[in-house]
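Chemist: Residues 137 to 415 (the working numbering) make up the sequence shown, in order.
Glycine included, every Cβ here is placed at the ideal spot set by N, Cα and C.
Bear in mind the structure is a predicted one, so any value in this text is a computation, not a measurement.
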Amino acid sequence: MEIRTVNDRPWREHLDSFLKEPTREGFLHLLQREAVEDNDLEFKRSLLPSDLMAKHILAMANKNGGAVVFGVDEHKPNQFSPCGLPEGSDGFDVTNIEKKLASYIPKKLEIGIIPAYVKGEEHSDFENKFFLIIIVSYNPRHIPFVSLKSGENLKRDTIYVRRNRASEPANHDEIQEIINKRIDTEYSTTNERKLIEHLEELKELYSHIPRTVREVVSFIPPLTPLDLGFPIEDMKRMFGKTEYKTSSNPEYPQESYESFIRKLIEIKKDEIVNLMKRT
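#1: Over what stretch of residues does the beta strand (DSSP E) that includes Leu184 continue unbroken?
#2: For the pair the region 290 to 305 and the region 184 to 199, tell me if three or more CB-CB distances fall below 8 Å.
#3: How far does the alpha helix (DSSP H) with Asp233 in it reach, from first residue to last?
#4: Indicate whether Pro242 and Val282 have their beta-carbon atoms separated by less than 9 Å.
#5: Have a look at Glu402, Ile332, Ser384 and Val204 and flag the residue whose alpha-carbon is nearest the alpha-carbon of Arg301.
#6: Tell me the residue span of the beta strand (DSSP E) that contains Phe206.
#7: For Lys405 and Phe396, I'd like the C-alpha separation in whole angstroms.
#8: Inspect the beta-carbon positions of Leu221 and Phe266 and report whether they are closer than 9 Å.
#9: Identify which residue in Tyr240, Ser343 and Asn232 has its Cα closest to the Cα of Leu284.
#10: By the 10 Å Cβ neighbour count, where 16 or more other Cβ atoms means buried, how is Val230 classified, buried or exposed?
#11: Can you tell me where the beta strand (DSSP E) with Val282 in it begins and where it stops?
#12: Which of helix, strand or coil does DSSP assign to Leu221?
#13: Considering only their Cβ atoms, is the gap separating Ala190 from Leu341 smaller than 9 Å?
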């Protein structure tokens, strides 16, 4: 699997597709398209120590997300080949890996650990080999992600980013970029939160006004009041028949809550269409 230049990246589309929906077929397509190591894609021959693995995950999560693929060997500079991981290795246990990583990375940093066993493929290079892929999600609402504890390969409370296909501590400009991305999403999130709060309050106000009112039209007393020891007027009220008329409440707003929400939906749809036209 000879590596192409960074500017010639026919594999990039396959990586985007694989990150959205990781499947074995997508994984094979990615490798067969001669993918190159980049800030969002890393190849390793064997599993790394947990702290170093966490370092790469943190760095990708703070940049744009990505994937780390274990079982691919750089046998020559810029030339990679699928070697696979040893079958039955203790380090290949996904639960064990997750537990070790949990002590280094925050809970809100989302990753997916996917074991892949390739069997009976047309390309003999991949046949009967194990691979491990770690998918790192990008969620700017929670960046920066910092390391929870120190290890031989990373420092506690440090912000790592991907730079020149390596995981390095963030510099001043990179930290500013991360903060700006976080602020951008917080602005949107704050507006969404305010909208939800306003709608809940409006719904509560609507609930205090009944849609309909009921009025007494007539009262028909019993033909022969029963003698149960109660006063005659009480017996009439208890056993007589009251007819009611239900009508719309004139105090209820002319525009219902549901109609108002429907109007907001139409406005939002128009905004989305206009946004798509500008892109």
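Modeler: On the basis of the data shown:
#1: Per DSSP, Leu184 belongs to no beta strand (DSSP E) and is neither H nor E.
#2: yes
#3: Inspection of the sequence shows that residue 233 is occupied by Ile rather than by Asp. It spans Val230 to Ala238 - the alpha helix (DSSP H) in which Ile233 sits, taken as one unbroken run.
#4: yes
#5: Val204
#6: Gly202 to Phe206
#7: 14 Å
#8: yes
#9: Tyr240
#10: exposed
#11: It is not in any beta strand (DSSP E) - Val282 carries neither H nor E in the DSSP assignment.
#12: strand
#13: no
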